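Numbering (this note's numbering), first residue to last: 3 to 262. I have placed the structure first, in the form of structure tokens, so that the comments after it can refer back to it.
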Amino acid sequence: MPINDSQQNIQQQPETPYQQNTLQRHFFIFFLNLFPKHKHFLFLYKFIFFLFRHSLDVSSLTDDQLENYYLIYSLQQFLKKSLAKSVLLRVKAVLLFHQGRYEEFKEYIKLNKFKQKDHNLLQNLWNEANYAEASKQRTKPLDAVSRYRIRKKNIFPSSIWDGEGTSYCFKKKAREILKQAYKIDSIPNIQTKQELAKQTELSVLQVSNWFKNQRQRARQNIRESKQLKNKKISEECNCCNTSSSDYAESEGRQSVNQKG
């Protein structure tokens, strides 16, 4: 059967660069995800990036992978890629923090507007930057009270904070959601914790710790209420014993007076 021109073109169509480099791309991303745990192999990462620099579409990476890519690769190469402005803002802020340029980091945060999904990360970095600056001026390590005072003195700028109040670093809305869930089930399973984490914009670990602390407080309240109840009972018993002894003593005096 003869082959027409269109069929011949389809058969002779070469593989795209993306199809040829799929394995290299997976290998590349594998190293990107490993980077935060093995930063001491920075030279090895740079060498691997040089070998596979043409095999990856950077715009397809997640925010965390882009962040690692930016920290390893050069700023000049990174800016040549067509990326969303919000990703560049976040990544540059993280780079300033990791370089220890805390004043520049805070000024950069104030002058730019970030997406809400990045607020939690940048708020943590904001606090850590203030802790690091305060630690340079002290000989002793910061305790919980010192950290609290630093946070109160250096509130989040509007660029990374929606203005909603927080309690113990949890937003009030998130705490209300967790309280309602606690009333239904004080020991939720992993699926429930994952759903609550999405609703509250917290991590599963934070949700688990909140439930654990809440159960501890409940047990403590029960113990304190029992101690208070026992104390009242003992005081009432003491009062009864005192009144009965006083009554017996008065009866004895009356009988002595009558005999006299």
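Positions of the beta carbon are idealized from the N, C-alpha and C atoms, including for glycine. Since the structure is predicted, the reported quantities are computational estimates derived from the model, not experimental observations.
The C-beta distance from Ile111 to Asn132 rounds to 11 angstroms, too long to fall under 8 angstroms, and the pair is not in contact.
At least 8 angstroms separates the beta-carbon of Glu197 from that of Asn122. Around the beta carbon of Lys233, fewer than 16 other beta carbons lie within 10 angstroms, which makes this residue exposed. Between Ile162 and Gln125, the C-beta spacing is below 8 angstroms. The alpha-carbon separation between Arg92 and Ile157 amounts to approximately 19 angstroms.
Taking the Cα positions, Leu98 is about 7 angstroms away from Tyr104.
Three or more beta-carbon pairs separated by less than 8 angstroms are not found between the stretch 138 to 148 and the stretch 218 to 233, which leaves the two stretches without contact.
Counting the other CB atoms within 10 Å of its CB gives Leu180 a total of 16 or more, which places it among the buried residues. Taking 4 residues as the shortest admissible run, the stretch 101 to 143 contains the following complete alpha helix (DSSP H) segments, listed from N- to C-terminal end: 104 to 113 and 121 to 138. Spanning the alpha carbons of Asn114 and Gly102 requires a straight line of approximately 19 angstroms. The closest CA to that of Glu130, considering only Ile189, Ala199, Lys94 and Tyr150, is found on Tyr150.
By the neighbour-count definition (other C-beta atoms within 10 Å, threshold 16), Val147 is an exposed residue. Excluding residues up to 5 positions away in sequence, Ser188 and Ile189 lie with their Cβ nearer than 8 angstroms to the Cβ of Arg217 in the same chain. Taken through DSSP and simplified to helix, strand or coil, Phe172 comes out as strand. Around the beta-carbon of Lys108, 16 or more other beta-carbon atoms lie within 10 Å, marking it buried. For Phe158, the secondary structure class from DSSP, reduced to helix, strand or coil, is coil. Lys154 counts as exposed, since fewer than 16 other beta carbons sit within 10 angstroms of its beta carbon. With 16 or more neighbouring CB atoms inside 10 Å of its own CB, Ala176 falls in the buried class. With a cutoff of 8 angstroms on beta-carbon distance, Lys214 and Val206 are scored as not near each other. The beta carbon of Glu106 lies closer than 7 angstroms to those of Leu98 in the same chain, with the five residues before and after it left out. Rounded to whole angstroms, Val209 and Cys239 show a C-alpha spacing of 45 angstroms.
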